[in-house]
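Residue numbers (the numbering used here), protein chains in the order written: chain Y, 1 to 335; chain V, 1 to 335. We put the beta carbon where it would ideally sit given N, CA and C, even for glycine. All values reported here derive from a predicted model rather than from experimental measurement.
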C-alpha cells in the first residue's frame with residue numbers, strides 16, 4: 001500500500017472557500033484514498049460542506065481557527081494578526097511535522113511571509129523561490145522564481161536551478177531536465193553580471209540532475225525545448241503576467257472575430273482548445289527551499305483546479321522533493 | 001505645401017533588401033510625395049530595383065557603399081569594420097544634417113552602437129532608449145526601453161517617461177498620454193529601489209506632458225488604459241519577447257484545434273483577426289534620446305511593413321519630436 005500523504009489545508013483561503021476545498025478533496029478521494037487532510041478554519045462552515053459529501057469525513061480532521069487572512073491585507077499586517085488564522089495554523093502543522101505538505105488558496109504575499117517566519121530553509125539554500133508550471137508545445141515547463149525575490153545574486157539563481165530541476169523530476173520524469181536561464185539574448189556576454197556569473201557556475205558544474213542549455217529568450221519559453229527556466233522573481237513575475245495578458249488578449253480578439261456561423265461550426269474546436277489550455281490543469285505554484293514544501297492554489301480556481309493542486313502535493317511528497325533538492329545542491333561561495 | 005522629409009535609408013539591411021526597401025518607398029510615394037530618400041548601399045543592386053518602378057528615381061539619391069553589416073555580427077565587430085557600410089553612412093548623413101531621420105532594417109545591436117558613436121544625446125538625456133508600438137484593446141501603446149540599456153537608474157527611467165510621452169504625442173494625439181511604470185504589483189512599496197525612486201519623482205513632478213498613473217502589471221499592458229509604459233531594457237525585452245512567444249503559441253493552438261469544416265466557415269473571420277493584429281502595422285522601433293531620431297524596421301518584414309516604418313519616420317519629423325523631448329524634460333539629480 002502506498003504511503004498516506006498528510007496535507008495541511010488552509011480551508012478558508014481563496015474565493016468560495018471552504019466549499020471548493022471540500023469539493024476538491026472529494027474529487028481526489030474518488031480516485032485516490034491515500035490521503036489525510038488537516039483542515040484549518042471555521043469549524044461549522046467546514047462541517048456543513050463535509051456533511052454534503054459521502055466519504056470525506058473519514059479522511060479529514062478539522063482544527064478550528066477564528067481568524068482569516070484577507071486577500072487585500074499586506075503581508076506585514078497579515079503576519080501580525082496571524083497567530084489564530086487558518087493560514088498560520090496550517091503552516092505551523094508543517095513545522096510540528098504533523099503533516100507532510102501545506103496547501104492554501106489564500107493571499108500569496110502573506111503565505112510567503114508566514115512560511116518563511118515558521119519554517120527553516122533547507123541547509124545550503126540561500127532564499128526560497130516560487131515555482132509554477134507553464135504550458136508549452138510539448139507538455140509543461142517549471143519556471144522560477146515568479147515573485148518571491150525581487151533581487152537575486154548568482155548563488156540564489158544557482159539554488160533555483162537545483163530546486164527547479166528537482167521539482168521537474170518529481171512531477172514528470174526521471175530523465176534529466178533541460179535547464180536554461182531567461183535572458184535577452186543567447187550569447188554568453190548578454191544580460192547583467194548576475195546572469196553571466198550564474199552562466200559560468202552552471203557551465204562548470206555540470207551535474208547529473210539537469211542538462212544546462214545556456215540562455216533562453218522570452219519568445220522561446222513555450223516552444224517546449226527547455227524543461228526548467230530560471231530567473232529572478234522580478235523578471236519571472238513580469239514574464240508570467242505578460243504571458244497571461246497576451247493570452248487573454250489574443251483569445252478575446254480571436255473569438256470576437258468569429259461570426260455567428262463560424263462560431264456554431266467551431267463549437268467543438270473551441271471546446272478542445274479551451275480544454276487543452278485549461279488553467280486549472282496548471283494550478284498549484286510551489287514555494288521551494290523551505291524544509292517542508294508549501295503549495296499555493298490560485299485564489300479564483302474552482303474545485304477541479306483545487307483537486308489539481310492536491311495532486312501536485314501528492315506527487316511532491318511521493319517523490320521526496322526535499323531530499324532531492326538537498327542532494328542536488330551546487331556549492332557556490334555566497335556573495 | 002507640407003515640408004519635405006529627408007530620410008537616410010540603409011538600403012542593404014534586413015532580409016530581401018534592397019528589393020523590399022524600394023517597393024516600400026514606392027508604396028509610400030503613391031500616397032505622399034513629400035519625401036526624399038538618401039539610399040546607402042550597393043549602387044547596381046539599388047538601381048536595378050528602382051528601374052522596375054515608375055517614379056521612384058525622382059525621389060531618391062543613391063550613395064554607393066562597399067560593405068554591409070551582417071545580422072550575426074557582434075556590435076563591436078560591426079562598429080570596427082563599419083566606416084564604409086551602408087548603415088554607418090546612413091547614420092553619418094544624420095550627423096551631417098543632410099537628412100532629418102535615419103531608417104534601417106539591419107542588425108539592431110550594431111545600429112544602436114553606431115548611432116551612439118556618431119550622434120550626441122539630447123542635452124539632459126542620460127541614456128537613449130529603444131521604444132516600440134504595442135497593440136492593445138483600444139489602439140496602441142508606446143513601450144520603452146526594449147533592450148538598449150540592461151541596467152537603469154531613476155534618472156534614466158524618468159528620461160524614458162519624458163521621451164515616451166513625447167513620442168506618443170507625435171504619433172497619435174495631442175492629448176496628454178497616460179503613463180505608468182511596469183512593475184510586479186500596484187502598491188507604492190512594490191518592486192526594486194529604482195522603481196520606487198522613479199515613482200516618487202514622477203508623482204512629485206506632474207507635468208503637462210503626461211498623466212502619471214503609477215504602476216502597471218504585465219497582465220494589463222494590453223488592456224489599453226495606459227498609453228506609455230516605462231521599464232528598463234532588460235525587463236522590457238523579456239516582456240516583449242514573452243508576449244510575442246505567447247501570441248504565437250495561442251494562435252497556433254487555436255488554428256490546430258479548428259477542423260476542416262470550421263476552418264472553411266472561419267476563413268473571413270480568421271482573415272479579419274489576422275489583419276487586425278498584422279505585425280507589419282506595428283513595424284518601426286524608435287531609438288530615442290539622440291539629437292536625431294533613428295528608426296529600426298523589423299529585419300524580416302516585407303515591403304508593406306517597411307512602408308509603415310517610413311510613415312513612422314514622417315510622423316516623427318512632422319511632429320518635431322526632438323524639440324518636444326527637449327521641452328518636456330524633468331530635472332533629476334543624476335546618481
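So residue 257/Y contacts chain V; which residues on that side make the cut at Cβ distance below 8 angstroms? Chain-order list of chain V residues neighbouring residue 257/Y: 269, 270, 272, 273 and 276, by C-beta distance under 8 angstroms.
Is the separation between the beta-carbon of residue 34/Y and that of residue 4/Y shorter than 8 angstroms? Inclusion of residue 34/Y and residue 4/Y in the CB contact set at 8 angstroms is warranted, their separation being smaller than that value.
What residue range is occupied by the uninterrupted alpha helix (DSSP H) comprising residue 96/V? No alpha helix (DSSP H) contains residue 96/V, which DSSP labels as neither H nor E.
For a test of the three-state rule: what should DSSP assign to residue 298/V, helix, strand or coil? Residue 298/V: coil per DSSP, three-state reduction.
Run down chain V in chain order and give the residues with a C-beta less than 7 angstroms from the C-beta of residue 140/Y. Within chain V, no residue comes near residue 140/Y; the closest Cβ sits about 13 angstroms away, beyond 7 angstroms.
If you measure from the beta carbon of residue 137/Y to each beta carbon in chain V, is any gap under 8 angstroms? Judged by the 8 angstroms Cβ criterion, residue 137/Y is in contact with chain V.
Whole angstroms is fine: what's the gap from residue 170/Y's alpha carbon to residue 122/Y's? Rounded to the nearest angstrom, the two C-alpha atoms are 17 angstroms apart.
Does any C-beta atom of chain V lie closer than 8 angstroms to the C-beta of residue 150/Y? So yes, residue 150/Y belongs to the interface.
Rounding to the nearest angstrom, what Cα-Cα distance links residue 199/Y and residue 282/Y in this structure? A direct Cα-to-Cα measurement between residue 199/Y and residue 282/Y gives close to 29 angstroms.
According to the neighbour-count rule (16 or more other Cβ atoms, all chains shown, within 10 Å of its Cβ), is residue 275/V buried or exposed? Per the 10 Å Cβ criterion, exposed.
Am I right that residue 129/V and residue 78/V are in contact with their C-beta atoms under 8 angstroms? What's the rounded C-beta distance? With a Cβ gap of about 20 angstroms, residue 129/V and residue 78/V do not count as contacting.
Between the C-alpha atoms of residue 135/V and residue 65/V, what's the straight-line distance to the nearest angstrom? CA-to-CA, the gap between residue 135/V and residue 65/V works out to about 37 angstroms.
Kindly indicate which three-state DSSP category residue 44/V falls into: helix, strand or coil? Residue 44/V falls in the helix class under three-state DSSP.
In chain order, what residues of the region 238-256 of chain V put their CB closer than 9 angstroms to some CB of chain Y? Going along the region 238-256 of chain V in chain order, one finds 238, 239, 240, 241, 242, 243, 244, 245, 246, 247, 248, 249, 250, 251, 252, 253, 254 and 256 with a Cβ nearer than 9 angstroms to chain Y.
Report the neighbours of residue 210/Y on chain V: residues whose CB is nearer than 9 angstroms to its CB, in chain order. Neighbours of residue 210/Y in chain V, taken as residues whose beta carbon is under 9 angstroms from its own, are absent, since the nearest beta carbon is some 22 angstroms off.
Determine, using beta carbons only, whether residue 178/Y and residue 223/Y come nearer to each other than 8 angstroms. Judged by their CB atoms, residue 178/Y and residue 223/Y are not nearer to each other than the 8 angstroms cut-off.
Taking just the CA atoms, how far does residue 228/V sit from residue 41/V? Our two residues, residue 41/V and residue 228/V, have alpha carbons roughly 35 angstroms apart in a direct line.
Need the endpoints of the beta strand (DSSP E) that residue 60/V sits in, please. Taken as a continuous stretch (DSSP letters only), the beta strand (DSSP E) holding residue 60/V covers 60-64.
What three-state label does DSSP hand residue 140/Y in the structure shown? Here DSSP, grouped into helix, strand and coil, assigns residue 140/Y to strand.
Starting from residue 178/V, trace the beta strand (DSSP E) both ways and give me its first and last residue. Residue 178/V -> beta strand (DSSP E) spans 178-182.
Spatial distance of residue 323/Y from residue 208/V (CA atoms): Whole-angstrom Cα-Cα distance: 59 angstroms.
Along the alpha helix (DSSP H) that carries residue 307/Y, what are the first and last residues, could you check? In the DSSP assignment, residue 307/Y falls within the alpha helix (DSSP H) that extends over 303-318.
For the region 181-201 of chain Y against the region 211-221 of chain Y, do three or more pairs of beta-carbon atoms, one drawn from each stretch, fall closer than 8 angstroms, so that the two count as touching? Contact holds between the region 181-201 of chain Y and the region 211-221 of chain Y, because three or more Cβ pairs, one in each stretch, are under 8 angstroms apart.
From 16/V, 133/V, 106/V and 147/V, residue whose alpha carbon lies closest to that of residue 90/V: Of the listed residues, the one whose Cα sits closest to residue 90/V is 106/V.
Within a Cβ cutoff of 6 angstroms, which residues of the same chain sit near residue 339/V, ignoring the five residues on either side of it in sequence? The question about residue 339/V has no answer, for chain V in this structure spans 1 to 335.
Can you list, in chain order, the stretches of the alpha helix (DSSP H) that have 4 or more residues and sit fully within the region 142-225 of chain Y? Every alpha helix (DSSP H) of 4 residues or more that sits fully in the region 142-225 of chain Y is shown, in chain order, as 154-171 and 193-204.
Which residues in chain V sit within 9 angstroms of residue 192/Y, going by Cβ to Cβ distance? Result: 150, 151 and 234.
Sorted by chain position, which residues of the same chain lie with C-beta nearer than 8 angstroms to residue 221/V's C-beta, five sequence neighbours on each side aside? Contacts found: 134, 136, 141, 143, 182, 229, 239 and 243.
Which of the three DSSP states is assigned to residue 77/Y in this structure? Helix.
Length of the line joining the Cα atoms of residue 246/V and residue 219/V: Computed Cα separation, rounded: 12 angstroms.
Cutoff 6 angstroms; reference residue 112/V; Cβ partners in own chain excluding five residues on either side: These residues qualify, in order along the chain: 148.
What did DSSP end up calling residue 128/V once you bin it into helix, strand or coil? Of the three classes helix, strand and coil, the one that applies to residue 128/V here is coil, per DSSP.
How many angstroms separate the CA atom of residue 55/V from the CA atom of residue 23/V? C-alpha separation (whole angstroms): 11 angstroms.
Would residue 221/V pass as an interface residue toward chain Y - the criterion being a Cβ-Cβ separation below 8 angstroms? Closer than 8 angstroms: yes.
Spell out whether any CB of chain Y is found under 8 angstroms from the CB atom of residue 184/V. Under the Cβ distance rule, residue 184/V counts among the residues neighbouring chain Y, one pair being separated by less than 8 angstroms.
Comparing C-alpha positions only, which one of 235/Y, 233/Y, 152/Y and 163/Y sits nearest to residue 197/Y? Of 235/Y, 233/Y, 152/Y and 163/Y, the smallest CA-CA separation from residue 197/Y is found for 152/Y.
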